[in-house]
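Chains as they are written, first to last, in full-length UniProt numbering: chain Y, 1 to 132; chain F, 1 to 199. Quick reminder that beta carbons are idealized off the backbone N, C-alpha and C, glycines included. The model shown is predicted, which means the values in this text are computed figures rather than measured ones.
Written as structure tokens, this is what we have:
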């Protein structure tokens, strides 16, 4: 049960990434970024069709799924996973979104800055453990 | 006192902040915090801070033109608006249309910041929106000038901060805009938003 999670900013560059477990181990870690980046196009298509923030599964790669969540400020939260767990993933995204909004409240943090705070990372992993 | 004025929309949750910023809970009047229960700030304190911002900025910018002060106030508003809107739009459905975004600004955003909604919204459907507030809360208690014209003249610099607030809010939602404000007589004021069409 491994996952790869990334927060992609408005300029399509990742501002946070976390590998939980070890997905795609035989293909190399760089493939995670590649798959999520390719899935961004699908996110861009689907996000206009629905007013929801949670976009469910947007893309499939071999037997891995990519789920996405888009915030009001067009920040994409993307998760690479192999098992279908819609409710858990939706709760995960909601909680990480709240966490992101909290870190945005920091006046020293600008939108699209990379998030390299270890406390943020720890909280994301805790949320992942709780819901995924 | 450092030369940079602190921005005052910093909010932190009562679980401790995420980054290393010290917790300081000032929140826009009426905004709901992410912790349980809304964090409120006394409105007179907010007014006092805003009114003081003008002279304080002018004193801090020695030798600069007045336009530099306006620019700084607008940028302060921009930063505040960006962060505030992400928080206020958190539970709202995503926006499909420019008109929806401006209506959100007129209703929820205005309600959170000024405790009332915008009185009048006009548009030419080509990217220009005019928001009219007949009883702008930040001007309601302004006094000291003899004529209405003088009072309006004195309060005009303070319109830059709400301009920045709106521009930041729209930028936070992904729209590059130009926002201008004017007042024919306080407490009435009008904000004009120009959104670049064909986004």
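Residues 43, 46, 47, 67, 68, 69, 70 of the same chain have their beta carbon placed closer than 8 Å to that of residue 55 of chain Y, with the five preceding and five following residues left out of the count. DSSP, read as helix, strand or coil, puts residue 2 of chain Y in coil. Along the region 104 to 125 of chain Y, going in chain order, the ones with a CB nearer than 8 Å to a CB of chain F are 104, 105, 106, 107, 108, 109, 111, 117, 119, 120, 123. The DSSP-derived three-state label of residue 14 of chain Y is strand. At a cut-off of 8 Å between beta-carbon atoms, residue 117 of chain F makes no contact with chain Y.
Residues are counted here when their Cβ sits less than 9 Å from a Cβ of chain F; for the region 82 to 96 of chain Y the count is zero. For the 8 Å CB-CB criterion, residue 19 of chain Y and residue 32 of chain Y form a contact. Scanning chain F for C-beta atoms nearer than 9 Å to the C-beta of residue 101 of chain Y yields 34, 83, 86, 87, 90, reported in chain order. With a threshold of 16 other beta carbon atoms within 10 Å, residue 72 of chain F meets it and is buried.
Residue state for residue 133 of chain F is assigned as strand, using DSSP reduced to three classes. Comparing alpha-carbon positions, the option among Y:118, Y:95, Y:108 lying closest to residue 130 of chain Y turns out to be Y:95. Contact check for residue 38 of chain Y and residue 58 of chain Y: beta-carbon distance about 10 Å, past the 8 Å limit, so the pair fails to qualify. A Cβ-Cβ distance of about 21 Å is found for the pair residue 194 of chain F and residue 113 of chain F, leaving them out of contact under the 8 Å criterion. Each residue's CA atom was taken as its position, placing residue 176 of chain F and residue 196 of chain F some 7 Å apart. If you draw a straight line from the Cα of residue 77 of chain F to the Cα of residue 124 of chain Y, it is about 31 Å long. Contact check for residue 109 of chain F against residue 95 of chain F fails: the beta carbons are separated by 8 Å or more. Close CB contacts of residue 21 of chain Y within its chain, under the 8 Å cut and outside five residues either way in sequence, are with 1, 2, 3 (chain order).
Under the three-state reduction of DSSP, residue 62 of chain F is assigned to coil, being neither helix nor strand. Looking at F:80, F:161, F:152, the one whose alpha-carbon comes closest to that of residue 105 of chain Y is F:80. DSSP lists F:194 as the bridge partner or partners of residue 128 of chain F.
Two segments are said to touch when three or more pairs of C-beta atoms, one from each, lie closer than 8 Å; by this definition the region 154 to 165 of chain F touches the region 48 to 55 of chain F.
Rounded to the nearest angstrom, the gap between the Cα atoms of residue 122 of chain Y and residue 88 of chain Y is 19 Å. Taking C-beta separations shorter than 6 Å and ignoring five residues to either side along the sequence, the partners of residue 65 of chain Y in its chain run 57, 81, following chain order.
Across the set Y:93, Y:115, Y:107, the C-alpha of Y:115 shows the shortest separation from the C-alpha of residue 16 of chain Y. Boundaries of the beta strand (DSSP E) harbouring residue 81 of chain Y: 76 to 81, taken from the DSSP string. At a cut-off of 8 Å between C-beta atoms, residue 94 of chain F counts as an interface residue with respect to chain Y. Here residue 82 of chain F is buried, its C-beta having at least 16 other C-beta atoms within 10 Å.
Per DSSP, reduced to three states, the secondary structure at residue 180 of chain F is strand. Only those residues of the region 160 to 185 of chain F whose C-beta falls short of 8 Å from the nearest C-beta of chain Y are listed: 172, 173, 174.
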